[in-house]
């Protein structure tokens, strides 16, 4: 899970990393009050999960209280890359002598943490890697040994602080300490990314983390009860997650439910290949029982109406019969009238077909293989999209289902 | 022949008294696997489907020789179970458990080479050499012995492809499910190396997905080192960037790890890339037939 800048800086401060005094504000008035405590010069920064907020105008340096209030009002009214700005960080402004880059992230290649440092900060690191690969220092960290002192020295050497830089030898020591603290934070907080971009050397010779980008491993949340994940923005995702399903909202009109991440991704690809667009990614997992299939269908129908649904199940451990029972229950209970194409194969597929045939639901079509299933659902969706608006799927929730 | 496991493999199950462990132990036994021991702390002296249970892996191997461990231990205790298996001298460890923190897996991956232990998974279905040994949770009913090697990042897609292969009369030498986590054990290149050296395997189906660059590196390796035909499939062409598509490792980060770049790298290395799992099975069948006639 990606933390917002101010949440990341909270963790930075706890780990002993140098951050500037700052206050979170949710209204222009709060921002003005914060500036009064921190000022006179402050930086007003949009708190969003997306990058590129500086370019979008989400960061402004202000010299007076009036300016702060105006900037705060402007930024709070913004939507940056689809995310509305709901909070600001008002932070004391500093004068920057140099910008650096420091991060620790998980490297799939070395199968563990990797320290990354560049003497050029405030830039897109991937872009820098292409333009000047030699400017980047990478050091794999053995997770059982931790960050080693020679690796810390490599970072300080690469920074190449000279006589013209403010702070003298103190700057090198502060950078070394920042690297050590960042590793402690990364390890102790189960991060998969802890990035400081830029890490700055101020004209006063101080080393400061000007931004934070922290991702905490969702699999390790149980070790960090104080890290509270924000609720999903999408209703369908919230419902599916509550039922323990993997769900990613997409923007097409064909609902997709399947078992296994790879199979669901593959189904979505094939729908696209046949000229359709999936409304979601929904994985009901291995060994899925009937309640799970039901929960998946209910989550899907918590969102915008879909033109058709494809249920693609290959039963390995999963018994197709159980999935079929769940589908029948859900379709009856939710009074789903959108067409549903079902493909069941593998474990207990014949029994599953029998369950669906016995239920004789008018909107359910059985497909014999995955290729046929995709063709059918795309065809149905296309025809419904072409039909008058009054005939598009309307799903009535069952009485009292929201209790 | 086969790779990694065969009928001589002696399998130990960690977490054998749990719901998943007990259920899949029964299935492994039913498919002819030699499950020799189980481990659950505090359960020594019990049996599961006739398999003796011990308190620790060390205690188990002191009584009964075992060379493969299959782990069903819940995620918060999986790291310890992995260390325990390696320290007790087990050389092939299969971790089925899903949801293990990255930090734990990084620590395990730093330790295993010191014990010369090899890991498959975590968050994987394990592997199977049909009719001889099933070490994990793959549905043995859909497999049949034969010449096709299968290596995959996805469980159900493996089953889908194997089902098609079996129906077309093409059996499998060994199928390996590598798992869907970012930090994992065995990779494509290791499996391809083993398949290349295996006399029984005549061709390999590689099933990839978005995230990382395992497929790109495999493409280079196949181009440089494989004489046997390899065909590939990559899932996730329509995946939005920055979202975990079910598997922790299935995520497009920035512009890297996309299905399109992976498919392009494979094609550039001369590897046929299928548009669907059923086409992959067909391509492999054709490639094996061609190899036999030339």
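Residue numbers (my numbering), protein chains in the order written: chain A, 2 to 404; chain B, 770 to 1063.
The beta carbon of each residue, even a glycine, is placed where N, CA and C say it ideally should be.
Please name the residues in the segment 248-271 of chain A whose beta-carbon is closer than 8 Å to at least one beta-carbon of chain B, in chain order.
Taking 8 Å as the Cβ-Cβ cut-off, the segment 248-271 of chain A approaches chain B at 249, 251, 259, 260, 261, 262, 263, 264, 265, 266, 267, 269, 270, 271, given in chain order.
CA-CA distance, residue 822 (chain B) and residue 838 (chain B)?
Against the second chain, residue 822 (chain B) aligns to sequence position 53. Against the second chain, residue 838 (chain B) aligns to sequence position 69. Looking at the two C-alpha atoms, the distance is approximately 13 Å.
Every unbroken alpha helix (DSSP H) within the segment 217-304 of chain A, with a cutoff of 4 residues, ordered by chain
Fully enclosed alpha helix (DSSP H) runs of 4 or longer: 236-243, 262-274, 291-301.
Pick from A:182, A:371, A:45: whose alpha carbon is nearest that of residue 67 (chain A)?
Locating residue 67 (chain A) in the first chain gives position 66, counting from the first residue. The shortest C-alpha to C-alpha distance from residue 67 (chain A) to any of A:182, A:371, A:45 is the one to A:45.
Buried versus exposed call for residue 237 (chain A) [16 or more other C-beta atoms within 10 Å across all chains shown]:
Taking the first residue of the first chain as 1, we reach residue 237 (chain A) at position 236. With 16 or more other Cβ atoms within 10 Å, it is buried.
Taking the alpha-carbon positions, what's the residue 286 (chain A) to residue 912 (chain B) distance?
Counted from its first residue, the first chain places residue 286 (chain A) at position 285. Counted from its first residue, the second chain places residue 912 (chain B) at position 143. Each residue's alpha carbon lies about 21 Å from the other.
Taking the beta carbon of residue 400 (chain A) as the centre, do at least 16 other beta carbons fall within 10 Å, making it buried, or is it exposed?
Mapped onto the first chain, residue 400 (chain A) falls at position 399. Interpretation of residue 400 (chain A) is limited by its pLDDT of 44, a score under 50 that renders its predicted location unreliable; no figure is taken from the coordinates.
Beta carbon of residue 310 (chain A) nearer than 8 Å to that of residue 12 (chain A)
Within the first chain, residue 310 (chain A) is the residue found at index 309, counting from 1. Within the first chain, residue 12 (chain A) is the residue found at index 11, counting from 1. When the beta-carbon positions are compared, residue 310 (chain A) and residue 12 (chain A) stay at least 8 Å from each other.
Once the 5 residues before and after residue 411 (chain A) are set aside, which same chain residues still bring their CB inside 6 Å of it?
The question about residue 411 (chain A) has no answer here: the residues shown for chain A are numbered 2 through 404.
Can you check which of these residues, A:225, A:219, A:252, A:228, is closest to residue 242 (chain A) by C-alpha distance?
On the first chain, residue 242 (chain A) is found 241 positions in, with the first residue counted as 1. For residue 242 (chain A), the nearest C-alpha among the options comes from A:219.
Counting only C-beta atoms, is residue 1012 (chain B) closer than 8 Å to chain A at any point?
For the purposes of this step, residue 1012 (chain B) is taken as residue 243 along the second chain, with counting starting at 1. Taking Cβ atoms only, chain A reaches closer than 8 Å to residue 1012 (chain B), which makes this a yes.
Within the 8 Å Cβ cut-off, does residue 198 (chain A) reach chain B?
Indexing the first chain from 1 puts residue 198 (chain A) at position 197. Output row for residue 198 (chain A): interface = no.
The segment 916-927 of chain B: positions lying closer than 9 Å to chain A by Cβ
So the list reads 921, 922, 923, 924, 925, 926, 927, given in the order they occur along the chain.
Report the option in B:1026, B:771, B:793, B:916 whose CA atom is closest to the CA atom of residue 818 (chain B).
One-based indexing of the second chain puts residue 818 (chain B) at position 49. Selected option, being the one with the closest Cα: B:793.
Looking at the structure shown, is residue 958 (chain B) part of a helix, part of a strand, or coil, going by DSSP?
As a first step, residue 958 (chain B) must be located in the second chain, where it is residue number 189. If DSSP states are grouped into helix, strand and coil, residue 958 (chain B) belongs with the helices.
Between the CA atoms of residue 918 (chain B) and residue 964 (chain B) - distance to the nearest angstrom
Here the question's residue 964 (chain B) lines up with position 195 in the second chain. Here the question's residue 918 (chain B) lines up with position 149 in the second chain. So the two alpha carbons sit approximately 7 Å from each other.
From residue 1056 (chain B) to residue 1039 (chain B), what distance separates their C-alpha atoms?
Counting from one through the second chain, the residue named residue 1056 (chain B) turns up at place 287. Counting from one through the second chain, the residue named residue 1039 (chain B) turns up at place 270. So the two alpha carbons sit approximately 13 Å from each other.
Consider the Cβ of residue 114 (chain A): report whether some Cβ of chain B lies at a distance smaller than 8 Å.
Counting from one through the first chain, the residue named residue 114 (chain A) turns up at place 113. Chain B contact via Cβ: present.
Among residues of its own chain, excluding the 5 on either side of residue 397 (chain A), which ones have a beta-carbon nearer than 7 Å to its beta-carbon?
As a working mapping, residue 397 (chain A) is identified with position 396 in the first chain. Confidence at residue 397 (chain A) is low in this model, with a pLDDT of 45, below 50, so the placement of that residue should be treated as unreliable; the coordinate-derived value is given next. Result list for residue 397 (chain A): 336, in chain order.
Runs of beta strand (DSSP E) wholly within the segment 934-980 of chain B (minimum 3 residues, chain order)
Entirely contained in the segment 934-980 of chain B, the beta strand (DSSP E) runs reaching 3 residues are, in chain order, 941-946, 972-978.
Using the C-alpha atoms, what's the distance from residue 324 (chain A) back to residue 48 (chain A)?
Here residue 48 (chain A) refers to the residue found at position 47 when the first chain is read from its first residue. Here residue 324 (chain A) refers to the residue found at position 323 when the first chain is read from its first residue. Spanning the alpha carbons of residue 48 (chain A) and residue 324 (chain A) requires a straight line of approximately 42 Å.
Report buried or exposed for residue 229 (chain A), applying the criterion of at least 16 other Cβ atoms within 10 angstroms of its Cβ.
Counted from its first residue, the first chain places residue 229 (chain A) at position 228. Residue 229 (chain A) should be labelled exposed.
Can you tell me whether DSSP reads residue 13 (chain A) as helix, strand or coil?
As a position in the first chain, residue 13 (chain A) is number 12, starting the count at 1. Residue 13 (chain A): helix per DSSP, three-state reduction.
Using a Cβ-Cβ cutoff of less than 8 Å, which residues in the same chain neighbour residue 43 (chain A) once the five nearest sequence positions on both sides are dropped?
Translated into positions along the first chain, residue 43 (chain A) becomes position 42. Excluding residues within five positions, the ones whose Cβ falls inside 8 Å are 35, 36, 62, 63, 69, 91, 92, 93, 94.
Straight-line CA distance for residue 297 (chain A) to residue 250 (chain A)?
Counted from its first residue, the first chain places residue 297 (chain A) at position 296. Counted from its first residue, the first chain places residue 250 (chain A) at position 249. Approximately 13 Å between the Cα atoms of the pair.
Identified DSSP bridge partners for residue 914 (chain B)
Position 145 of the second chain, counting from 1, holds the residue named residue 914 (chain B). Beta-bridge pairing links residue 914 (chain B) to B:941.
In the segment 972-1025 of chain B, which residue ranges form an unbroken alpha helix (DSSP H) of at least 4 residues, counting only runs that do not cross its ends?
Whole alpha helix (DSSP H) segments, 4+ residues: 983-994.
In whole angstroms, what is the alpha-carbon distance linking residue 404 (chain A) and residue 26 (chain A)?
By one-based count along the first chain, residue 404 (chain A) stands at place 403. By one-based count along the first chain, residue 26 (chain A) stands at place 25. Reliability of the predicted coordinates at residue 404 (chain A) is poor, the pLDDT of 33 falling under 50, and no value is obtained from them.
Close-in-space but distant-in-sequence residues of the same chain around residue 179 (chain A) (CB under 8 Å, 5 per side omitted)
In the first chain, residue 179 (chain A) corresponds to position 178, counting from 1. Non-local beta-carbon contacts of residue 179 (chain A) in its own chain, meaning distances under 8 Å to residues more than five positions away in sequence, involve 18, 19, 103, 197, 200, 208, 210 in chain order.
By DSSP, does residue 48 (chain A) sit in helix, in strand, or in coil?
Translated into the one-based positions of the first chain, residue 48 (chain A) becomes position 47. Three-state result, residue 48 (chain A): coil.
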